[in-house]
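Enquirer:
In the numbering used here, the protein residues as written are 73 to 270.
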């Protein structure tokens with residue numbers, strides 16, 4: 073992008089650049105110069121919006137955690153419709169994998185960000201925690217409707233579902249392969265309960 077061209081959403085432009093860098097070289101290679109270089113903007117743009125580079129990383133982690141939470145929020149309302157496996161897969165795949173890869177890899181590399189995100193968004197809001205909570209609430213609603221057996225441990229099943237997403241987000245794979253693996257595994261997890269009428 074040519075220098076001097078106005079950017080409608082500079083923060084999101086910089087966040088997307090950070091995600092591309094994480095995908096290409098890993099979070100350990102992130103610097104303010106690398107991010108602005110990838111974004112095609114002057115270094116000063118980053119510091120016009122963030123106090124320092126650590127503040128940028130917190131802003132990124134908060135933004136993406138909030139985005140994932142917003143995507144997950146509607147899952148419990150799907151209870152009783154469609155199939156359980158399809159509802160879970162659609163929700164956990166609604167966030168682009170480059171976003172999931174970026175934020176999960178960064179949080180794994182910089183664990184201190186978890187507390188900083190929770191200081192802004194509240195306890196249990198970091199990255200995939202809100203998604204896991206939404207999955208638990210959804211599975212509980214399906215169990216109450218008789219679409220999951222009464223004895224199903226919804227907390228364990230939710231952890232397994234989100235764990236699959238986390239694992240795939242941390243490894244290198246094309247989106248097509250990753251989506252197929254996630255859908256296949258989520259379906260296998262749900263259908264492992266013989267009484268399920270998904």
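C-beta: ideal position from N, C-alpha, C; glycine also.
Predicted model only: the values in this text are computed from it and were never measured.
Does the region 112-123 come within contact of the region 159-170, defined as at least 3 CB pairs closer than 8 Å?
Expert: Cβ pair count under 8 Å is below three, so no.
Enquirer: Any chance you could list the alpha helix (DSSP H) runs of at least 4 consecutive residues sitting entirely within the region 92-140, in chain order?
Expert: Complete alpha helix (DSSP H) runs here, min 4: 104-111, 115-121.
Enquirer: Skipping 5 residues on each side, what residues in its chain have a beta carbon closer than 6 Å to that of residue 206?
Expert: Excluding residues within five positions, the ones whose Cβ falls inside 6 Å are 144, 147.
Enquirer: Give the range of the alpha helix (DSSP H) segment to which residue 161 is assigned.
Expert: 156-164 is the span of the alpha helix (DSSP H), which, as asked, contains residue 161.
Enquirer: Whole angstroms is fine: what's the gap from residue 217's alpha carbon to residue 152's?
Expert: When rounded, the distance between both Cα atoms is 7 Å.
Enquirer: If we call anything under 7 Å between Cβ atoms a contact, is residue 303 one with residue 234?
Expert: The chain is shown from 73 up to 270; residue 303 falls before or after that span and cannot be answered.
Enquirer: Under 6 Å Cβ to Cβ from residue 250, same chain only, skipping five residues before and after it: list those, please.
Expert: These residues qualify, in order along the chain: 169, 240.
Enquirer: Can you tell me the Cα-Cα spacing of residue 183 and residue 84, whole angstroms?
Expert: Roughly 22 Å separates the two Cα atoms.
Enquirer: Between 264, 111, 248, 89, which lies nearest to residue 224 when the distance is taken from Cα to Cα?
Expert: Taking only the C-alpha atoms, the option nearest residue 224 is 264.
Enquirer: For residue 237 and residue 200, which I take to be in contact (beta-carbon distance under 8 Å), what is that distance rounded to the nearest angstrom?
Expert: About 7 Å; that satisfies the 8 Å criterion.
Enquirer: What residue from 229, 219, 261, 136 has the CA that sits closest to residue 154's CA?
Expert: When only C-alpha atoms are compared, the closest one is 219.
Enquirer: Count the other C-beta atoms from every protein chain shown that fall within 10 angstroms of the C-beta of residue 157, then say buried if there are 16 or more, exposed otherwise.
Expert: Buried is the call here.
Enquirer: Under a three-way DSSP split, which group does residue 197 fall into?
Expert: Note: residue 197 maps to coil in three-state DSSP.
Enquirer: Whose C-beta lies closer than 6 Å to the C-beta of residue 186 among residues of the same chain, with five residues either side of it excluded?
Expert: Correct list, in chain order: 198.
Enquirer: The alpha helix (DSSP H) spanning residue 231 covers which residue range?
Expert: Segment 226-242, the alpha helix (DSSP H) holding residue 231.
Enquirer: Compare the Cα-Cα distances from residue 140 to each of 181, 114, 202, 193 and report the closest residue.
Expert: For residue 140, the nearest C-alpha among the options comes from 202.
Enquirer: Return the CA-CA distance between residue 98 and residue 262, expressed in angstroms with no decimal places.
Expert: Roughly 33 Å separates the two Cα atoms.
Enquirer: Relative to the C-alpha of residue 243, which candidate in 180, 211, 192, 227 has its C-alpha closest?
Expert: Residue 243 has its Cα closest to that of 180, out of 180, 211, 192, 227.
Enquirer: Does the distance from the CB of residue 212 to the CB of residue 195 come in under 7 Å?
Expert: Against a cut-off of 7 Å, the Cβ pair of residue 195 and residue 212 comes out as no contact.
Enquirer: Ordered along the chain, which non-local residues of its own chain (more than five positions away) have a Cβ less than 7 Å from that of residue 257?
Expert: So the qualifying residues of the chain are 236.
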